[in-house]
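Enquirer:
4 protein chains.
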Amino acid sequence: MFRPQDDFTYLMPVHFGGGRFDPGTIVTQRSTALTVSYETERDLLENYIPEGFELLAPEVQVSFNRFTEIDWMQGGQYNLINVSAPVRFHGKKDHLDGAYTLVVWENKTAPILGGREQTGIPKIYADIEDLHIVRPHYATTVSYEGNTFLTLDFEAAGEVTGQDLDALKSGFASVNTIGWRYIPKVGAPGADLSQFVLYPQGMEVESAQAGTGSLRWTELTPMQNPVQYYIINSLASLPVKSVAQAVLTEGRAVLHAMGARVIE
Amino acid sequence: MFRPQDDFTYLMPVHFGGGRFDPGTIVTQRSTALTVSYETERDLLENYIPEGFELLAPEVQVSFNRFTEIDWMQGGQYNLINVSAPVRFHGKKDHLDGAYTLVVWENKTAPILGGREQTGIPKIYADIEDLHIVRPHYATTVSYEGNTFLTLDFEAAGEVTGQDLDALKSGFASVNTIGWRYIPKVGAPGADLSQFVLYPQGMEVESAQAGTGSLRWTELTPMQNPVQYYIINSLASLPVKSVAQAVLTEGRAVLHAMGARVIE
Amino acid sequence: MFRPQDDFTYLMPVHFGGGRFDPGTIVTQRSTALTVSYETERDLLENYIPEGFELLAPEVQVSFNRFTEIDWMQGGQYNLINVSAPVRFHGKKDHLDGAYTLVVWENKTAPILGGREQTGIPKIYADIEDLHIVRPHYATTVSYEGNTFLTLDFEAAGEVTGQDLDALKSGFASVNTIGWRYIPKVGAPGADLSQFVLYPQGMEVESAQAGTGSLRWTELTPMQNPVQYYIINSLASLPVKSVAQAVLTEGRAVLHAMGARVIE
Amino acid sequence: MFRPQDDFTYLMPVHFGGGRFDPGTIVTQRSTALTVSYETERDLLENYIPEGFELLAPEVQVSFNRFTEIDWMQGGQYNLINVSAPVRFHGKKDHLDGAYTLVVWENKTAPILGGREQTGIPKIYADIEDLHIVRPHYATTVSYEGNTFLTLDFEAAGEVTGQDLDALKSGFASVNTIGWRYIPKVGAPGADLSQFVLYPQGMEVESAQAGTGSLRWTELTPMQNPVQYYIINSLASLPVKSVAQAVLTEGRAVLHAMGARVIE
Chain A
1 MFRPQDDFTY LMPVHFGGGR FDPGTIVTQR STALTVSYET ERDLLENYIP
51 EGFELLAPEV QVSFNRFTEI DWMQGGQYNL INVSAPVRFH GKKDHLDGAY
101 TLVVWENKTA PILGGREQTG IPKIYADIED LHIVRPHYAT TVSYEGNTFL
151 TLDFEAAGEV TGQDLDALKS GFASVNTIGW RYIPKVGAPG ADLSQFVLYP
201 QGMEVESAQA GTGSLRWTEL TPMQNPVQYY IINSLASLPV KSVAQAVLTE
251 GRAVLHAMGA RVIE
Chain B
1 MFRPQDDFTY LMPVHFGGGR FDPGTIVTQR STALTVSYET ERDLLENYIP
51 EGFELLAPEV QVSFNRFTEI DWMQGGQYNL INVSAPVRFH GKKDHLDGAY
101 TLVVWENKTA PILGGREQTG IPKIYADIED LHIVRPHYAT TVSYEGNTFL
151 TLDFEAAGEV TGQDLDALKS GFASVNTIGW RYIPKVGAPG ADLSQFVLYP
201 QGMEVESAQA GTGSLRWTEL TPMQNPVQYY IINSLASLPV KSVAQAVLTE
251 GRAVLHAMGA RVIE
Chain C
1 MFRPQDDFTY LMPVHFGGGR FDPGTIVTQR STALTVSYET ERDLLENYIP
51 EGFELLAPEV QVSFNRFTEI DWMQGGQYNL INVSAPVRFH GKKDHLDGAY
101 TLVVWENKTA PILGGREQTG IPKIYADIED LHIVRPHYAT TVSYEGNTFL
151 TLDFEAAGEV TGQDLDALKS GFASVNTIGW RYIPKVGAPG ADLSQFVLYP
201 QGMEVESAQA GTGSLRWTEL TPMQNPVQYY IINSLASLPV KSVAQAVLTE
251 GRAVLHAMGA RVIE
Chain D
1 MFRPQDDFTY LMPVHFGGGR FDPGTIVTQR STALTVSYET ERDLLENYIP
51 EGFELLAPEV QVSFNRFTEI DWMQGGQYNL INVSAPVRFH GKKDHLDGAY
101 TLVVWENKTA PILGGREQTG IPKIYADIED LHIVRPHYAT TVSYEGNTFL
151 TLDFEAAGEV TGQDLDALKS GFASVNTIGW RYIPKVGAPG ADLSQFVLYP
201 QGMEVESAQA GTGSLRWTEL TPMQNPVQYY IINSLASLPV KSVAQAVLTE
251 GRAVLHAMGA RVIE
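Chains as they are written, first to last, in UniProt numbering: chain A, 1 to 264; chain B, 1 to 264; chain C, 1 to 264; chain D, 1 to 264.
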């Protein structure tokens, strides 16, 4: 009969085995990222920031990433759309600034499962096109069962160099990603597990291009996207007042896979 | 700021809202199912049955399902492959027989997330072909990133009628599906949540065909399937000694979505 | 060395072999079809009807089909969207009425190739969702690389019976599908082959539901759909003045695969 | 009514318009290519080389390509597997050496249609994984409806430099790709169009890695791949006697899109 080992960590299904927990586990991947930040209405955005956090700026950051050469996927690849807001956490023990993850769409299921269950990143599925590139134009489309809900466009204006690149590198080097890990009770309302998790992540930026970016959210009906429409429509309801930053980066992500911790 | 409501149930992301917990929630869907059960080696199969359970028979049941008209997906559809073994649970409080879920592959992410987090069904992703039908032959192929790992074949021999149909109907009417819900600790080995969950499910069989079935597992390397190879290879290592049952059913599944409970 | 056989018919690649030409070849498949016809502006629609044809009515017919149990695909399946207009052909030899095929989208490549090269049906690729069904509502979405360009909705009002069903059955029993087979010259403008092809097709309707239907075309930019935008935008430019017919049918298609002929 | 313009070139559907024929049309794209050549049995390979050609060496070349930044697809991308053999054409007018295209699999339909109809390249559909990269290992899997039929593996041994790189660059700079454009008669055996087409193609190699390569063909049944099984099984029947070359290249393809011509 199967019995889990004390010093192992597991994901469902457990009974086929897990891996020895190693706090030093490093995962690496290549990254091409297109990041667009925009100012929105503070009151509206605060509706989606949980109590205990302070919204540092009325700003939404949307980031497309194509990850390749992902070592834990034996060199496989996937795309994601990360949506976050800058926050300060005022806990009983912990006080820190970070990026609160509103939602992440990914086009492969395996990283969705690990991200949700191990670190509370609210990942869900969408089809995400690889970047279409007609230099200096870059574009991607995000959809669910054929229904477009987000398009991202970027026009590169030039290579970032010198001090600007240094600043950008240090900005991307470590990001305090924060997720809300929530596992519901079985057969009852409320949670069996409800924790905020800090997962420091970072990218070693190798090159970057500045430019102008734009994005468009399209509302969907429940018939078009029965399981995510309210998420998309909440984001679509936040006005894009002005684009604060648009940047395309190439680099390498080096993650301490076991480096997350619950914050209180 | 967002605050969860006491009588609601949520899935990540929480802060865009959830639904009022309603113990009477019913979900319905149409089902076309091809079920093949086979006898295997008891010793080998017991490696994957957790302590606390007794293996009632050295038997593996593999079931393809195509669900359509799924109400919580606004009429959408998906396919799954369910793999289980018949067990008896000897708990401190609960004593019951059921089908222990070894693994479930599904070709859509949304039901994977709910199944894992709400009821501990160990669902993971695969590409699953709709049934190819050249009457009386039926076949499907299951693969991961282009790597075939399971094929199922069925040749119908005739409609099930009379008492045989009645027996089959009552057999499918209620199944004690059991999952192991396991959520790992953050930044440490072991679990924050480790529970066995009983989720009674059933199908109202409307018609059924008996026949001969066969299946073939194909081992994969980590390069071919980095995240599931050990699951597939564990199942492939179980010899198919003889096929015990092969049946194709059409019907309707009516599930008490909130009817699961933790067993102890 | 390879030499084609005189009494064979081939598709590229030729050198791996073809099949003996058999004028009696029958192909069969199951069909679920949702057909919506609408009146539009005659002048605009005539822009897309070639000289030699007369537009019989300013009407566009859009038909979703899900084909299953396709015998030449060994029981496989695919979806299509057929767009046609009612015409009369005034040739030197042939005078006949039929449905001129404006374009067909299919979500599998194999039937696209045969349809284009064997019978001049202008098939191209799109992602086409299986019907989402929340009775009495039916819907599908058609997209290209994540960009929605057509949605079809239907609300069933009741079963078609009696004389109405008989009329509908005979209407679907044989349709004079007409395509324009056009193969360009190599290294020069113009065609090496330019023919109108008549391909009588039909469906044995088994049951039908009448109802109300609607559809919506969405224009796409070249960046969203570089190879089809002008087709979609041409169709989107035709106003939907009124929906003439909306019907959902179940049945079986029996096609004389070699029954097409060039009309002159 | 629609009438084609004399100096235009069209693809089906014709009536929505084509493009002015421009003999100087250049199309460009980025390319990552993994090429593996192997010696096989001359007698067996000659079965698939049409009369009029001489097989120059009993060698099969299999090449994976990932194309990105494809200008005619507005910066989109796709993958292909090209299979060819080295031949000499002995025509009435033309005498030349080239690569006879046995088959090409591509994972997008639009280039399949153009390739077949404009230049006789026998393109068909398959799912082709992007390269999985765990340096120095590279791998891809090719499948049809979940059934694996080709795997390619490469282990890089080092950068190609100096004269070796120059030789490789000139070898890739221009390739006499030859296809057999064949359009069947309608309603009769034989062809309406049967021509050999020369389409000079080339890649500007920017960097290259030599290494060891291997590939494995897997036979499929008609049930697994109803429309291509005989092609795959023909190729699988050719023994891989020894791998002659394995190289991974990065570069840019610059094609004279209208530079093909019929050879006689």
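Virtual Cβ for every residue (Gly too), placed ideally from N, Cα, C.
Buried or exposed for B/Ile-232, please, with buried defined as at least 16 other CB atoms from any protein chain shown within 10 angstroms of its CB.
Expert: buried
Enquirer: With contact counted as at least three CB pairs below 8 Å, one residue from each stretch, are the stretch 40-60 of chain C and the stretch 73-89 of chain C in contact?
Expert: yes
Enquirer: Let me see if you follow: with CB-CB separation under 8 Å, is A/Glu-129 close to chain C or not?
Expert: yes
Enquirer: Tell me the rounded alpha-carbon separation between A/Pro-239 and A/Arg-42.
Expert: The alpha-carbon of A/Pro-239 is positioned some 10 Å away from that of A/Arg-42.
Enquirer: Less than 6 Å between C-beta atoms, sequence neighbours within five positions excluded: which residues of the same chain meet that for B/Arg-181?
Expert: Cβ within range, chain order: Gly-120, Gln-195 and Val-197.
Enquirer: Are any of the Cβ atoms in chain C nearer than 8 Å to that of A/Ile-104?
Expert: The residue you asked about is not Ile; residue 104 of chain A is Val in the sequence shown. Chain C contact via Cβ: absent.
Enquirer: Would you list, in sequence order, the uninterrupted beta strand (DSSP E) runs of no fewer than 3 residues that lie entirely inside the stretch 67-140 of chain C?
Expert: 76-90, 95-106, 123-125 and 132-134
Enquirer: Please confirm whether C/Phe-21 and D/Ala-191 have their CB atoms less than 8 Å apart.
Expert: no
Enquirer: Taking the beta strand (DSSP E) that D/Arg-261 falls in, what are its first and last residues?
Expert: 261-263
Enquirer: If A/Ala-126 and A/Trp-105 are in contact, beta carbons under 8 Å, what's the gap, nearest whole angstrom?
Expert: 4 Å
Enquirer: If we count Cβ pairs, one from each stretch, closer than 8 Å, do we get three or more for the stretch 198-207 of chain B versus the stretch 24-43 of chain A?
Expert: no
Enquirer: Under 8 Å between the Cβ atoms of D/Phe-149 and D/Thr-218?
Expert: yes
Enquirer: Should B/Phe-67 and B/Leu-34 be called a contact, given that it needs their Cβ atoms to be closer than 8 Å?
Expert: no
Enquirer: Does chain B have any CB closer than 8 Å to the CB of A/Trp-180?
Expert: yes
Enquirer: Once you ignore the five residues that flank C/Lys-108 on each side, which residues in its own chain have a CB closer than 6 Å to its CB?
Expert: Tyr-78
Enquirer: Taking only three categories from DSSP, how would you classify B/Ile-49?
Expert: Look at B/Ile-49 here: in three-state DSSP terms it is coil, with no helix or strand label.
Enquirer: With distances taken Cα to Cα, identify the nearest neighbour of residue 276 of chain D among D/Lys-241, D/Asn-176, D/Val-227 and D/Gln-228.
Expert: The structure shown does not extend to residue 276 of chain D, since chain D spans only 1 to 264, so no value can be given for it.
Enquirer: Answer with yes or no whether the minimum CB distance from B/Val-142 to chain D is below 8 Å.
Expert: yes
Enquirer: CA-CA distance, B/Asp-6 and B/Ile-124?
Expert: 30 Å
Enquirer: Applying the criterion that 16 or more other CB atoms from any shown protein chain within 10 Å of the CB defines a buried residue, is A/Met-1 buried or exposed?
Expert: exposed
Enquirer: What are the boundary residues of the alpha helix (DSSP H) that A/Ile-233 is part of?
Expert: Reading off the sequence shown, one finds Asn at residue 233 of chain A, where the question assumed Ile. Start and end: 229-236.
Enquirer: Please classify D/Leu-152 as buried or exposed, where buried requires at least 16 other C-beta atoms within 10 Å of its C-beta.
Expert: buried
Enquirer: According to a CB-to-CB cut-off of less than 8 Å, which residues of the stretch 247-261 of chain B neighbour chain A?
Expert: Met-258, Gly-259, Ala-260 and Arg-261
Enquirer: Could you name the residues of the same chain whose beta carbon sits closer than 6 Å to that of A/Gly-213, not counting the 5 residues immediately before and after it, in chain order?
Expert: Val-36, Phe-154, Val-243 and Ala-246
Enquirer: Kindly say whether D/Ala-139, judged by its beta-carbon, lies nearer than 8 Å to any beta-carbon of chain B.
Expert: yes
Enquirer: Is the distance from the Cβ of A/Ile-128 to the Cβ of A/Ile-81 below 8 Å?
Expert: yes
Enquirer: Could you name the residues of chain C that A/Thr-148 contacts, counting a contact when the two beta carbons are closer than 8 Å?
Expert: Ser-143, Gly-146, Asn-147 and Thr-148
Enquirer: My guess is that C/Pro-184 and D/Glu-117 are in contact by the Cβ rule of under 8 Å, so how many angstroms apart are they, rounded?
Expert: 7 Å
Enquirer: According to the Cβ coordinates, are A/Glu-206 and A/Thr-32 closer than 8 Å?
Expert: no
Enquirer: So with CB distances below 9 Å, who are the chain C contacts of D/Trp-72?
Expert: By Cβ distance, chain C contributes Pro-226 and Val-227.
Enquirer: Any idea which residues DSSP pairs B/Leu-44 with across the strands?
Expert: Paired residue(s): none; B/Leu-44 is not in a bridge.
Enquirer: The alpha helix (DSSP H) spanning D/Ala-246 covers which residue range?
Expert: Element bounds for D/Ala-246: not the alpha helix (DSSP H) but the beta strand (DSSP E), 242-256.
Enquirer: Out of curiosity, what's the CA-to-CA distance linking A/Ala-208 and A/Val-160?
Expert: 5 Å
Enquirer: Quick check: is the beta carbon of A/Gln-201 nearer than 8 Å to any beta carbon in chain D?
Expert: Cβ-Cβ to chain D under 8 Å: no for A/Gln-201.
Enquirer: In this structure, how does DSSP classify D/Phe-16 when only helix, strand and coil are distinguished?
Expert: coil
Enquirer: Going residue by residue through the stretch 158-233 of chain B, where are the continuous alpha helix (DSSP H) segments of at least 4 residues, counting only ones entirely within it?
Expert: 162-173
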